[in-house]
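>
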Ligand code: HPA
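Numbering (this note's numbering), first residue to last: 16 to 262.
(1) Under three-state DSSP, which class holds residue 247?
(2) How do the segment 174-181 and the segment 202-219 stand: do at least 3 beta-carbon pairs fall below 8 Å, yes or no?
(3) If you count every other CB in all the chains shown that lies within 10 Å of the CB of residue 54, and 16 or more means buried, which is it?
(4) Starting from the Cα of residue 103, find the closest Cα among 205, 87 and 182 and give me that residue.
(5) Report the residue ranges of all alpha helix (DSSP H) runs contained in full by the segment 188-252; include only those spanning at least 4 residues, in chain order.
(6) So within the segment 109-168, which uninterrupted beta strand (DSSP E) runs reach at least 3 residues, ignoring any that extend past its ends?
(7) Whose C-beta lies closer than 6 Å to the C-beta of residue 123 among residues of the same chain, with five residues either side of it excluded?
(8) Between residue 154 and residue 43, what straight-line distance do the alpha-carbon atoms span, to the nearest angstrom?
(9) Is it the case that the Cβ atoms of residue 209 and residue 126 are separated by a distance below 7 Å?
(10) Going by other Cβ atoms of all chains shown within 10 Å of its Cβ, with 16 needed for buried, is residue 260 buried or exposed?
(11) For ligand 1, is there a heavy atom less than 6 Å away from the beta-carbon of residue 201?
(12) Is the CB-CB distance between residue 84 and residue 49 below 7 Å?
(13) My output table needs one value for residue 35: the three-state DSSP class, helix, strand or coil.
(14) Considering just the uninterrupted stretch of the beta strand (DSSP E) at residue 101, what are its terminal residues?
(15) To the nearest angstrom, report how far apart residue 34 and residue 56 are at their CA atoms.
(16) Taking all protein chains shown into account, do 16 or more other C-beta atoms lie within 10 angstroms of the C-beta of residue 38, making it buried, or fewer, making it exposed?
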């Protein structure tokens with residue numbers, strides 16, 4: 016039996032193409048409301064729950080997303096695995112605009128976000144293992160599906176999560192590069208660790224929207240970001256078409 020999949024859509028993916036919505040449901044969790052109603056439906060013949068991370072319309076900035084409510088609502092909906100779609104900036108040479116990467120590591124630069132479920136009513140302190148922050152089997156199935164779909168992906172990489180909502184300075188991007196980051200985004204944490212706390216499988220398809228600050232000539236424009244995301248999201252759709260029925 017295949018497990019129920021959630022897609023957490025990011026910038027450029029408020030609603031996936033070909034997704035047939037059957038019903039939608041607002042919910043309340045012990046941590047408040049998720050970013051939007053959960054959309055239940057089918058995508059490429061498979062049952063999927065879709066949640067727009069930034070809300071629908073896209074109005075919630077990365078530092079104000081209620082990550083705890085989002086993951087909790089998906090768990091309550093009976094989801095076993097979460098595929099996170101995230102727009103990112105590219106730092107290292109393989110991570111150019113429109114590339115899709117399936118990162119295997121992360122570094123968290125965020126602060127002040129409600130980042131754990133383990134801070135109320137504790138019987139004992141729990142430290143989740145985070146040696147592999149993304150579920151290895153899920154990453155592998157995405158990489159295989161991409162090969163079958165003929166979609167080039169970068170099978171690995173370190174995702175650095177910044178606080179936002181501003182983009183970084185070139186000095187910050189160079190520091191992140193020295194730290195070992197390949198990609199920079201604003202929503203990857205605490206999403207990944209909260210998923211692990213709830214024992215949900217979790218992996219990311221990171222779609223590169225732009226070169227990180229200072230890695231390209233001139234300023235980063237929203238027009239460039241949107242054009243690159245459009246191409247990346249089209250490739251991502253073909254990847255999902257293979258992944259959902261097979262994984
Ligand atoms: N930095 C952080 N987050 C991002 C970027 C970036 O350059 N592009 C898309 N999301």
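C-beta atoms are modelled at their ideal positions from N, C-alpha and C, and glycine is treated no differently.
Looking at the atomic coordinates:
(1) helix
(2) yes
(3) buried
(4) 182
(5) 206-212
(6) 120-123, all fully within the segment 109-168.
(7) Only 176 and 204 meet the Cβ criterion.
(8) 30 Å
(9) no
(10) exposed
(11) yes
(12) yes
(13) Strand, per DSSP.
(14) 96-105
(15) 7 Å
(16) exposed
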